[in-house]
Structures are given as C-alpha cells and as structure tokens.
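Here's the structure we're looking at; comments come further down.
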Amino acid sequence: MKVSRRGIITGAAAVGATGVIGVAVRGEAATADIATTDATADAATAGTATSEAATAKATQERQPVELTWFGTHAWQIRSGKSVVLTDPWITRFKTGTFTPEGADPKTKLVIKPDVIDRHISTADAILVHHGHYDHMADVPYVAKKTKATVLGTESHVNMLRAMRTPADLLSPVRGGEYLPFEGFTIEVFPSLHSCSGRHHTYAYPGYRLNGVPPRPRMIEDLLEGGTLAYVITIGGTRILSLSTANFDPNALRDLQVDVVFAAPGGEPGITDRLLQTIKPVKKVIATHWDDFDLPLDKPGVPWTDLTKLRTSVETAGAEFVVLDHLEKITL
C-alpha cells in the first residue's frame, strides 16, 4: 500500500499518514480507529485544570518566550532556563510522501544524531501529540540526550519503550492532567487526528496497549496511538499546541489562551470551528505545513496552500504568523 499526501491537495479520498493533515491511501482504505473517550469527564477535568492554570498565570510574572520552528510540528519553546519541545522530529528522512507514488509504509525508520545535536541541546519536557513517525521517531534519542520528561498516551509510551527510551523518563497521560514543572506548567487535553476524504479516514491508525510491542522498524509500525493537545503556560504566556487541524470541541470549549499552533488541511471549516470553540486569541501560528522530505536547513516548501488557514484566522480577528525552518519569534 502506498501513501500520498497529494490526495488531500487534489481531493482524493484519504487521510493523514503522518501528522500532516491529509494522505491518500492507495490499494486499501485506511480504517479510522479513533480513540473513544469519556468526553464529558475529560472536559470537566480539563476545565478544572484550565481554572488552575489561569490562577497560575495571574501570579506568574511575564517573561519573553522564544519559539523556534524545526519544521513539521517540532517546536522549541524557551523562556529563561526552561525549554519545552513538541514532537521533536529533526532527522527528516525521505519517505516519498509528496511524490506521485506516495510514501512506502515499509520505509525504514532512521535517526541522525549529528543532525539532532546540531539543533537540540537541552529540554525539560517533550510533548508527544500522536505516535506517527514524523512526530515521535526522534523522541527516544532526544529524551536520552536531554533527560527530559516525555508525555504521551499509554500507546505512545509503549512504542517509546520499544524504541529503548528510558522508562523513568516516560509519563503516560490521557487528558485532564495539570502538571507543574520548574518555570512552566503543562495541561493535557484529549484530541483527535485529522480525517479527510470520502470515508473520513487517516493512515496508520490503531494503538499499542498490551504492553511493549516489538521494536518499530518501519514508518507503518508507529501507529497514531491516540492524539493529545497541550497548553503550555510559560513566561506568563499560554500556548495551545495542536499537531493536526482536528480537535475535541468538548475538551477545548471556552479555553483561554494567547497563542495557538494550528495546522492546515482537515475537514472543511475546521479552523473556523476551532476559533469559535476557544475564547478569542491574539496570535495563530501555522504549523505542520511544510514538505518534510526536504532538509531542515533549506527553506520550507508548503505541502498545501495556506490561504484558507490565513483567512479563517484573520476573520476571527487574530494575527496570522508563518515561520520558516529554524526561524525564531519572541512573544
């Protein structure tokens, strides 16, 4: 089976093989194995966490927050001595995703320590949003290097243990958690991977819930494993981090944040619904918009037009920001 992200751009019936939002699945339909959650309980718990976070923010002195984009959904969030990483995939090995043939699910997982070391030196927390290779393949190396706490679902943690991530660094979460760290807090919310196409599917669905699986060797071995969203409160700024265009409206309803990482693609009108669900935000920063087969030291090449995302953001009255590879912005 070949996977091509060209399908979403041209309207083919398929969905996101990796964290980028849409992927055409050739030869067989991908079954959307979407996690079921107790939305009411999660939303209530998340609401409590949000209230706690608002109190924490009120007492936290505002400090500069520096964001660096490493392509895909890999962000470094730094304020003072505190560093948070989201889905740090720096290696960016070739998959063929944007070729007419599409990505081969049998593509071997590759880690390039020299490339990672060039860009990442320290971290206090690593936030795994979902388990696809372009979000999680480099996490074991980065975790060992930095000794950072790694947050993810039970499925993500099982896959990371199979990839030899030190077990004492792994913290399984499911949504509703409010986690204080030195210099910042993390709130965890249940979320959803983007679907698209006639059958509303995405590639590499499923979970690893029955203990540690065999070590992943190919990109198809890293299943979605549930999707999470996070709010990072750091330097007095609240950042909502979404790894795909989709989200759980029950979990995020009336959430108050300053900045949102938002991805293009997904179902029609998804960004409009997101910005109607949460309270008005000041700034929306595009994420996961680049062709990740290309190296990080080259300018980012969009896999899709960002016009719809920009229009939705500006209609909602927020500032729309697009960073290039390795570009920084200070909030």
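Numbers in the working numbering are just positions in the sequence shown, counted from 1, shifted up by 7.
Where a beta carbon is used, it is the ideal one built from N, C-alpha and C, also for glycine.
Quick caveat: nothing in here was measured; it's all calculated off a predicted structure.
CA-CA distance, residue i and residue j?
i    : j    : result
E334 : A293 : 13 Å
G243 : T251 : 25 Å
I15  : L316 : Residue placement at I15 cannot be trusted, given a pLDDT of 31 that sits under 50; what the coordinates show is reported in the next sentence. Near 15 Å, if we compare the C-alpha coordinates of L316 and I15.
T278 : D312 : 14 Å
E227 : Y140 : 8 Å
T98  : P120 : 8 Å
L259 : V146 : 26 Å
G26  : H295 : In this predicted model, G26 has a pLDDT of only 34, less than 50, meaning its place in the structure is not dependable; the value taken from the coordinates is given anyway. Taking the straight line from one Cα to the other gives about 7 Å.
H332 : P306 : 6 Å
L134 : V91  : 8 Å
G346 : N165 : The chain is shown only over 8 to 338; residue 346 falls outside these bounds and no answer can be derived.
I84  : V291 : 15 Å
E184 : F191 : 14 Å
P212 : L230 : 6 Å
A155 : L303 : 23 Å
G78  : D297 : 7 Å
I336 : G87  : 15 Å
E161 : R168 : 10 Å
V117 : L74  : 26 Å
H80  : L249 : 9 Å
A110 : K101 : 9 Å
H206 : H136 : 24 Å
V72  : V264 : 14 Å
F105 : G324 : 33 Å
E108 : G272 : 21 Å
H142 : D94  : 5 Å
G103 : R69  : 43 Å
A130 : Y148 : 12 Å
L186 : D175 : 17 Å
T208 : P275 : 14 Å
L338 : L281 : 22 Å
R245 : H163 : 25 Å
May I ask you to list the residues that DSSP assigns as paired with residue i?
i    : result
Q83  : T75 and L92
V157 : I133 and L177
K115 : M225
D297 : P309
Using 8 Å for Cβ pairs, my map puts residue i next to residue j. What's the rounded Cβ distance?
i    : j    : result
F299 : W82  : Not really, about 14 Å apart at Cβ, beyond 8 Å.
I193 : L158 : 7 Å
S198 : D261 : Between D261 and S198 the Cβ distance is about 16 Å, and since that is not below 8 Å, they are no contact.
N253 : S178 : In fact, because the Cβ distance is near 24 Å, the residues do not count as touching under 8 Å.
W76  : L330 : 4 Å
V266 : V288 : 7 Å
K152 : P173 : Contact doesn't hold; Cβ gap of about 11 Å is too wide.
G232 : R215 : 6 Å
A236 : F188 : At roughly 18 Å, the Cβ-Cβ gap does not stay under 8 Å, so A236 and F188 are not in contact.
I241 : S89  : 6 Å
With respect to the beta strand (DSSP E) encompassing residue i, which residues constitute its N-terminal and C-terminal limits?
i    : result
K335 : K335 to T337
V291 : K290 to A293
Could you give the residue range of the alpha helix (DSSP H) that holds residue i?
i    : result
V320 : T314 to T322
P187 : From DSSP, P187 is part of no alpha helix (DSSP H) but of the beta strand (DSSP E) over Y185 to F188.
V328 : First-last for V328: E326 to V328, but that is the beta strand (DSSP E), not the alpha helix (DSSP H).
I277 : I277 to T284
V122 : P120 to H126
D141 : Y140 to M143
Unbroken stretches of the beta strand (DSSP E), 3 residues or longer, contained in the segment 192-270: Within the segment 192-270, the complete beta strand (DSSP E) runs of at least 3 residues are 234-241, 244-248 and 266-269.
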